[in-house]
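Below is one structure; the comments refer to it alone.
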Amino acid sequence: MSKLIPSLTNLQQERAVKMNSRNAIFSIVLGKCVEKIVYTNKHTDKTFIIFEVPQVLIDYPSYDLRSCIIFIKLKLESEGYMVEFIEPFYLYIDWGGNPKKVEITSQSSNNLGVRCLDPERLKQQTKKLLLNFPNANEIEYVYQDVQDTKDHKKPKGKPKLKKK
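Residue numbering for the sequence shown follows this note's numbering, starting at 25 and increasing by one per position.
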């Protein structure tokens, strides 16, 4: 009979492995978000991004999208970013103004259980941004730390003139 009942230690170890795996996947998604923030801050004058939380990560097990969004939101807010959830899986992230606190509630109009400070303003701003940048979620950010010097060499000396 004791063979049928799993030990509490084994169950707790399994749960710890699952939580570590889950947090590792969430950290990967958070890393992608941070890369986009750094890229946008470095290469543009904008102080906000709209981050699309990926529904699937290639070569990784499926994960709970809702929990991942909350994880990213809480991590960024703890660092002073203003983060707003946009249905169905977008995060508006702003680092240009004064950080604002966002309340986490059990009852809310969106399915995350996160209440926005000004939902109407957020909806209007999101619509405006998506109208101005309709393919924003299709933008691929390519990061390159080392620049290839072969492709970017400038010719030395004076330019040659064509003879007539």
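Every residue, glycine too, gets a C-beta built ideally from N, C-alpha and C.
Please look up how many angstroms separate the CB atoms of Phe113 and Glu59, rounded, as I've assumed it's under 8 Å. Here residue 113 refers to the residue found at position 89 when the sequence shown is read from its first residue. Here residue 59 refers to the residue found at position 35 when the sequence shown is read from its first residue. Wrong, their Cβ atoms sit about 18 Å apart, outside the cutoff.
Contacts around Cys198, its chain only, beta-carbon distance under 8 Å, and the 5 residues preceding and following it disregarded: Any question about residue 198 goes unanswered here, given that the chain covers just 25 to 188.
Boundaries (first-last residue) of the beta strand (DSSP E) holding Glu76: As a working mapping, residue 76 is identified with position 52 in the sequence shown. Segment Phe72 to Glu76, the beta strand (DSSP E) holding Glu76.
Tell me whether Met43 is buried or exposed, calling it buried when 16 or more other Cβ atoms sit within 10 Å of its Cβ. Position 19 of the sequence shown, counted from the first residue, corresponds to residue 43. By the neighbour-count rule (16 or more Cβ atoms within 10 Å), Met43 is not buried but exposed.
Cβ neighbour criterion (16 or more within 10 Å) applied to Tyr105: Along the sequence shown, one-based indexing puts residue 105 at 81. Result: buried.
Quick one: what does DSSP say Tyr63 is sitting in, helix, strand or coil? To locate residue 63, count along the sequence shown from 1; it is residue 39. Tyr63: helix per DSSP, three-state reduction.
For Arg39, count the other beta carbons within 10 Å of its own beta carbon; 16 or more makes it buried, fewer makes it exposed. Which is it? The sequence position of residue 39 within the sequence shown is 15, counting from 1. When all chains shown are included, Arg39 counts as exposed.
Give a yes or no on whether the C-beta atoms belonging to Cys57 and Ile96 are separated by under 8 Å. Taking the sequence shown and counting its residues from 1, the one referred to as residue 57 is at position 33. Taking the sequence shown and counting its residues from 1, the one referred to as residue 96 is at position 72. Against a cut-off of 8 Å, the Cβ pair of Ile96 and Cys57 comes out as a contact.
Grab the span of the beta strand (DSSP E) containing Phe109 for me, first residue to last. Translated into positions along the sequence shown, residue 109 becomes position 85. Per DSSP, Phe109 belongs to the beta strand (DSSP E) from Met106 to Ile110.
Top-ranked residue by Cα proximity to Tyr84, from Leu154, Asn156 and Ser45: Position 60 of the sequence shown, counted from the first residue, corresponds to residue 84. Selected option, being the one with the closest Cα: Ser45.
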